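Residue numbers (our numbering), protein chains in the order written: chain A, 826 to 1212; chain B, 1180 to 2154.
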């Protein structure tokens, strides 16, 4: 049978089921060749009943429930900060400290890290993948050659390693130019030997130059100190994946060969900056969920994490959970005072002549009124007998 | 004005600064003496304990309102300060205002355009509920840039603020060596100036010039400027001109209202000059009660002490000023007064020594009373102490239903419920009153219709019971079936407070069914729990419908059951349904045994026997277990012990019932029954499973002793061999390392690599030891049964008991602390071997060597520290989360909104399903196929069943278990 009777169609259309479910009911009825209207009605009724039973009740204090559902397993998490996530070579903050870091919406995570996926041939070819690595990993002088200081002549001598130069695709001239522009000195280049020194002979300045030299990034992204390349078995087959220590999402996305659709960072602010607030929300959900999973608490319902992520990103910006974020932005003076920095909130409220309209939860607990949540949000009136 | 009637409901609370005039008006009396009581112990008039400020001693009358202690809230008095002082709380704002307003005309130094801009910003910020202070700060920054007032043209000076309450104006004043400076400038080599010339240039008389040059006359500002101009010199030096509070007050008084509005300050409620105090309110005595010590001495409140200080200094200040004391002394006293008023309001100002009690303890003044966990806000307003609550130790009672709580009779006689007496309950009410306050179902108080409350005593109870009639109220004891709240701290989730039905019992502990331990996270090693008796019908109804234990079987955290069989229940049902390793069949029971197993359940008839053996009918454990299942339950899942459990139409066909089936935290059967058959059926099921399991474990007998973890000598040898092998491996690793041949892992140093490899080798050694031990422990070993069924313990625990305890670690590394290069003095320095770095090769049964024991204690200590740190951290995280999310609520339209009606989610969790009904991992969908199947095939046993399936019959939820007989009579709900 490919079509239902008009009357049955109407039964399905009249139900208050969501569209997707309605479609499934229709399909099932077609498959089962239902042509009795009363049977159709009963099926729709039973489906509606189950759908309704599984919905959240109106006036349910979902916020508190979600907060408890994340906070309670927090007591079972470890405090150990290090530990690797998947890759043994890179330490990542895990457990309770990471969870706290996430809800705090810290500007920089304790251990920033990126997982960089590659496109097309870059993902299959180790050589190609390495090209990307050199563009990402910051290359400093110590990995390019040996640095020696000649105190007698007040000169710094760098002997570049030709192999590494070639491997990392850096010309000795570039190194020379970088040094000249960054340190403001004249450097001489002879083959692979670069020499330079302070303009005025000064021992201190010489040492300072060496110090500064070490900080110069000749290639790659400054914030990324290390890149680990690994061959991984993914759904689409084997491919090379890069893990970075340090994060600079925007810069990495621009690099040729990087698959911008899959590459991620654990820095939610970078995601926000580069991909927008919805992506940041998604990142918060994923990061919190991963943190919980790592601790074997994978049974926590994602819906709770969604709610946390939603309230953190509600005003289009990432605000933290706590006095600098959501709790500090509450409308009620009493609620803010009851949370943290009590006295300052009261004094500020006085100066600004604030009026607390007692609409939230904490305020009403304080003044002893029923709170407007759950059963407190319902007004009941006893009807008259003739109704 | 005296408020005669308190308002019925608070609608809103406004905040503002207080006008000193208002203080004076509301003040009951002016306070002038620092003394509190006279020699006879009476409060001194116009002293700090003036009877007009309210009463604290019982029996006395308040001189202001005439009420007795308890009724009278107390009344404020006031102290007239001899000189104005700064309010510490506003020092930052005062600084800002000083910097942003003109020193001459007091106007905010912003042009009209700038003002408009900030007004606009203020409006946006307010409408977006953002911090107003950011705008204020920006406006002040803007105003501060101006060197001259745009209104009066006055030159502005830098304001410096010396914390906490001193302000200086940095002014350029005439230097003391001005004659020399002028003279030097006049003798300029290129262009000397004679006094006459100077007089001409400046227009000052020559005689004056000479006086100035002689240092006998200080030129005024105008004159100074003209001289400066004429000679092109700077005659000034920077000078810190202290701004006295009175100066600041005068300055602020002139700020026009519309100017401060630009700064976001509400001029109606909060004039800036009110931030400089001229009169100090004295809190009523009720806010600072004095306590009489045992020896009859009075001990005053910290606030009173502080007020005494203030009044003393205030008095001295006035006396000195009247006596015409030198300015220096006056200023000192002024500063002292400022200090006392400052510490009266906040005694934790940085940079100021806190005022101390005689004993050296810092005083707890106003701010300290409000702040922190025990402060007014968090300690007294957000959390309050309550009546009708009880706390005692808990102990287990498997005979109770999971909905019930055993309440000791002495608690039940203390907690009461109010009975409104009417014709129908008159008999009962009279009986309760007749029993008096001590015999159990008695009453403690009665209230007559005229509102008088009478205490029921042993003496008057008989007589009083005769008088009770409809219209009275009787406060009767708790009786069986009453609903109470039961709670265990820490209350981390909503299942930490659940409603139970009372069962009054002898002895002193609360009794609870062991299956409710998981939601409370309770055990019986001395845990105490709290009980709260509900005091009105609305609360009781809500508790019964929403909070009863059976309504909390499903946890919203992971959408599965949190209540289910635990520990021995699981071992019991495992023994009952697990096939015998030899025969491969589940155990069999004869009729007596079978009926005995089902004794605690509602099953009173055995089913058809499964067969006959030696002319005796037998039932298998699975058949017996099946009796507890709903008739039409069908499901299939993998059990914890690894076999497939098949249930068909309420019959357990195959598989072992263990933690995966009926356990806490997501037992498949419990979960399914709760979701499909409702909470009442689930409650019955859990109760019956636990009682069957206990009967079963009693039938089989179950114990554990040291012999159960002892492995035979050949196993011991093999374990020793395995460990020996590992030691060799470690030895080899160290050798390669020392020769420098060890290759490091990418991104790791050689040392790290060595550590990792050693850890791996030793970890494997322990696992091998565990495997060997396991081989020698047979399946009937109780520890194995517990581990396998998921009742308690794990294979790791078993490994450590029977095989080898393994590597001890601190901070995730092998133990490497202690002496230089070694952990204990028993080892050579830089010994990296297994034993020297905390590997415990013994098992718990074989016993640890002293060195091993020490390492084990190190590892154990780390665990303890970790727990301690974690509880505080996660507690704070939870508090923040709750605070941030507490206002979110689903609405009738399915959206999630906060109390300001901001939409946070359009549909909770993107699909609107309840987290309680759906496990997080399952992709929830309504099983349309299954529904269609059932309806098309019309497989319903009764009409009733079908109606329930169609959702026409609401689920029964709130019938008390205590009134089983009502159910028998066909009542299905208390509604």
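Built from N, CA and C at the ideal position, the CB exists for glycine as well. All values derive from a computational prediction rather than experimental measurement.
Against chain A, with Cβ distances strictly below 8 Å, would residue i count as a contact?
i, result
"residue 2088/B", "yes"
"residue 1312/B", "yes"
"residue 1554/B", "yes"
"residue 2065/B", "yes"
"residue 1191/B", "yes"
"residue 2068/B", "yes"
"residue 1269/B", "yes"
"residue 2107/B", "yes"
"residue 1977/B", "no"
For residue i and chain B, any beta-carbon pair shorter than 8 Å?
i, result
"residue 1177/A", "yes"
"residue 1218/A", "Chain A is shown from 826 up to 1212; residue 1218/A falls before or after that span and cannot be answered."
"residue 1184/A", "yes"
"residue 1158/A", "yes"
"residue 919/A", "no"
"residue 857/A", "yes"
"residue 844/A", "no"
"residue 879/A", "yes"
"residue 1129/A", "yes"
"residue 1200/A", "yes"
"residue 1142/A", "no"
Quick one: which chain A residues come within Cβ less than 9 Å of residue i?
i, result
"residue 1672/B", "890, 893, 894, 896 and 897"
List, in order along the chain, the chain B residues whose C-beta lies closer than 7 Å to that of residue i?
i, result
"residue 840/A", "Result: empty, since nearest Cβ-Cβ is about 12 Å, beyond 7 Å."
"residue 867/A", "2114 and 2129"
"residue 1126/A", "1736, 1737, 1738, 2094 and 2099"
Hey, how far is the Cα of residue i from the Cα of residue j?
i, j, result
"residue 1452/B", "residue 1428/B", "5 Å"
"residue 1212/A", "residue 878/A", "Low confidence applies to residue 1212/A: its pLDDT is 49, below 50, so where it sits in the model is not reliable, and the reading given next is rough at best. The alpha-carbon atoms of residue 1212/A and residue 878/A are separated by roughly 28 Å."
"residue 2159/B", "residue 1633/B", "This structure leaves residue 2159/B out entirely; chain B is present only between 1180 and 2154."
"residue 1510/B", "residue 1281/B", "26 Å"
"residue 1311/B", "residue 1287/B", "17 Å"
"residue 2021/B", "residue 2031/B", "8 Å"
"residue 975/A", "residue 982/A", "7 Å"
"residue 910/A", "residue 1947/B", "In this prediction, residue 910/A scores a pLDDT of 49, lower than 50, which makes its location untrustworthy; the coordinate-derived value is nonetheless stated afterwards. Spanning the two alpha carbons is a distance of roughly 26 Å."
"residue 1662/B", "residue 1721/B", "10 Å"
"residue 1218/A", "residue 2093/B", "Any question about residue 1218/A goes unanswered here, given that chain A covers just 826 to 1212."
Measuring alpha carbon to alpha carbon, tell me which residue in the options is nearest residue i.
i, options, result
"residue 2096/B", "1855/B, 2018/B, 1624/B and 1903/B", "1855/B"
"residue 1443/B", "882/A, 1178/A and 832/A", "1178/A"
"residue 1970/B", "1915/B, 1878/B, 1820/B and 1440/B", "1820/B"
"residue 1623/B", "1637/B, 1654/B and 1646/B", "1654/B"
"residue 1480/B", "1488/B, 1335/B and 1470/B", "1470/B"
"residue 1524/B", "1461/B, 1476/B and 1552/B", "1461/B"
"residue 1209/B", "1245/B, 1238/B, 1188/B and 1260/B", "1260/B"
Taking residue i as the query, report the chain A residues whose CB atoms sit under 7 Å from its CB, ordered along the chain.
i, result
"residue 2165/B", "With chain B covering 1180 to 2154 only, the question about residue 2165/B has no answer from this structure."
Assuming residue i contacts residue j (C-beta within less than 8 Å), just tell me the rounded distance between them.
i, j, result
"residue 887/A", "residue 2069/B", "5 Å"
"residue 1021/A", "residue 969/A", "The pair is not a contact, with the Cβ atoms about 15 Å apart (cut-off 8 Å)."
"residue 1592/B", "residue 1656/B", "5 Å"
Run down chain A in chain order and give the residues with a C-beta less than 8 Å from the C-beta of residue i.
i, result
"residue 2155/B", "Absent from the model: residue 2155/B. The displayed extent of chain B is 1180 to 2154, so no value can be given."
"residue 1319/B", "In chain order: nothing, as chain A lies at least about 13 Å away."
List the residues of chain B whose Cβ lies closer than 8 Å to the Cβ of residue i, in chain order.
i, result
"residue 1174/A", "1194"
"residue 904/A", "2045, 2048, 2049 and 2052"
"residue 1194/A", "1188 and 1189"
"residue 1152/A", "2059, 2062 and 2063"
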